[in-house]
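What follows is one structure encoded as structure tokens, with my remarks underneath.
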Amino acid sequence: MNPISQNDGHAQPAGAAVTWYESSARQRIDGLLDTGSFNEFLGPEQRETSPHLAMFDLPEQFDDGMIVGRGQLDGKPVFVAAQEGRFMGGAFGEVHGAKLTGLLRASRETRSIPVLILFDTGGVRLQEANAGELAIAEIMRAVYQARLAGVPVIGLIGGRAGCFGGGGLIAACCSALAVSEQGRIGVSGPEVIETNRGIEEFDSRDRALIWRTMGGKHRWLSGGADRFVDDSIEHFRAAALDLLGTHSSTGLEVLQAEQSRLERRIERFGKCEDALDIWRSMGVATPSALPELDYSSFMALGDPIRETRDDAS
Amino acid sequence: MEHMTYHYAVDKRATGTRLLAIVGVVASGNLEVLVERVLADKDCEVVVNTAVSGFGDVWEAVVGDFIERTSAGGLRMSINDGGARPDMVSLRLAQAVASIAEDA
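As structure tokens, this is what we get:
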């Protein structure tokens, strides 16, 4: 029995689907797993907080923005890790990262219990950059060790902070990803690109540009994610169950096939200036209308033409 | 950072059987409250860690007022604050006590 309340004061209208985007990490876990099945490891009462933030006079969070534990999905055991995107942008620090590394290693030991990672992160926490970068490397290794032990590692992306920086690298190592329209996946985020390459390269204030370059619709169409879901906890739960059932193996051959696919993608779309050009060359008649399409119209249009994703994105 | 601890002698034990609850997140204008049923029935303790220094009087007034209106005996409430306003603090404290008042 989970002693932790999921209530964080963001009441949602009765009867309406519960939005993933607006929910806290704890609400997402609560809605994703079978009711009452979640058992948290290293819960907030353990006060395993960041050893670095106090030096910068910054407040800590008792769970360091990472909630890990074990529960059940449709009666079957799963490990789950969820990032709280509103605490320091869901960024990875030493403790935050170590909790995910530990969870992945536990799944490797079991050789059977899959891992769900609920990403919501801007990348590495600048105040503990070295520890955070090391954590990313450890997590990427642990993801592959778990996968090579036969355990699927599924990423779910649809939070406010998106999935950027080291989080984007970890997502690319996962067995499969589900993303919603609100979800964004990338390594360098909009502001980082603009700062380094100039506003002509990328205008970080152009929200339409951001979403058609890094948003869920484009990532799914271009083979960067395996499932496109509507923004509700219920849809993410269905996608997680679906992906756990269709998990493919990994190994050198799979990765080589994926490498070839990515090379073909560069050949095919390398000259495109904008996602609109990519969608046009994929066969979308009016690319400019695509961002406005609702879930079902977009799925009907996208499903026959999308690039399939073999392994890494 | 500023750290404050307040102790209260109260009349009534908080209802329910849960041992622990957490509400809120540490973000700008927000806070988290971890509430634990770890004290004697007539004791209550509130521990505040806040990013904004110099508002001790306001904290004492807001927390004191809340404890007066609630049955919070046996509870230790630990707050990590990201600069929440008094109305948000009162709201989160009320949510924390309501959450732990549920039966386990």
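Going down the list, the protein sequences come from chains A and B.
Add 465 to the 1-based position in the first sequence for this note's numbering, that's all there is to it.
Oh and the second sequence: position 73 is 68 in this note's numbering, straight run, nothing missing.
Beta carbons are placed, not taken as given, at the ideal position from N, Cα and C, and that holds for glycine.
Predicted model only: the values in this text are computed from it and were never measured.
- Look at Val84 of chain B: its C-beta is not under 8 angstroms from any C-beta on chain A.
- For His517 of chain A, there is no enclosing beta strand (DSSP E), as DSSP marks it with neither H nor E.
- With contact defined as three or more Cβ pairs closer than 8 angstroms, the stretch 61 to 81 of chain B and the stretch 31 to 43 of chain B are in contact.
- Sorting B:Arg64, B:Val5 and B:Ala46 by C-alpha distance to the C-alpha of Glu27 of chain B places B:Ala46 at the top.
- Annotation for Glu603 of chain A: Thr566 place their beta carbon closer than 6 angstroms to its own, counting only its chain and skipping 5 residues before and after.
- At a cut-off of 8 angstroms, the C-beta of Gly77 of chain B has a neighbouring C-beta in chain A.
- At a C-beta separation below 7 angstroms, Leu29 of chain B has these neighbours in chain A: Pro509, Glu510 and Phe527.
- Contact check between the stretch 5 to 17 of chain B and the stretch 698 to 716 of chain A: fewer than three CB pairs, one atom from each, fall below 8 angstroms, which does not count as touching.
- When the Cα atoms are used, Asp668 of chain A and Glu487 of chain A turn out to be separated by approximately 26 angstroms.
- Phe629 of chain A places its beta carbon less than 8 angstroms from that of Gly651 of chain A.
- The residues Thr514, Ser515 and Leu518, in chain order, have a CB closer than 6 angstroms to that of Glu525 of chain A in the same chain once the five nearest residues on each side in sequence are set aside.
- Think of a sphere of 7 angstroms around the beta carbon of Ser489 of chain A: the chain B residues whose beta carbon falls inside it are Val20, in chain order.
- Sequence-distant Cβ neighbours of Gly767 of chain A in its own chain, meaning closer than 6 angstroms and more than five residues away, are Leu686.
- One Cα belongs to Asp539 of chain A, the other to Leu497 of chain A, and the distance between them is close to 10 angstroms.
- Following the DSSP letters along the chain, one finds Asp38 of chain B in no alpha helix (DSSP H) but inside the beta strand (DSSP E) bounded by residues Asp38 to Thr45.
- Where Glu574 of chain A is concerned, the enclosing alpha helix (DSSP H) starts and stops at Glu559 to Thr575.
- At least one CB of chain B lies nearer than 8 angstroms to the CB of Arg551 of chain A.
- Taking C-alpha positions only, Leu708 of chain A is separated from Pro769 of chain A by approximately 19 angstroms.
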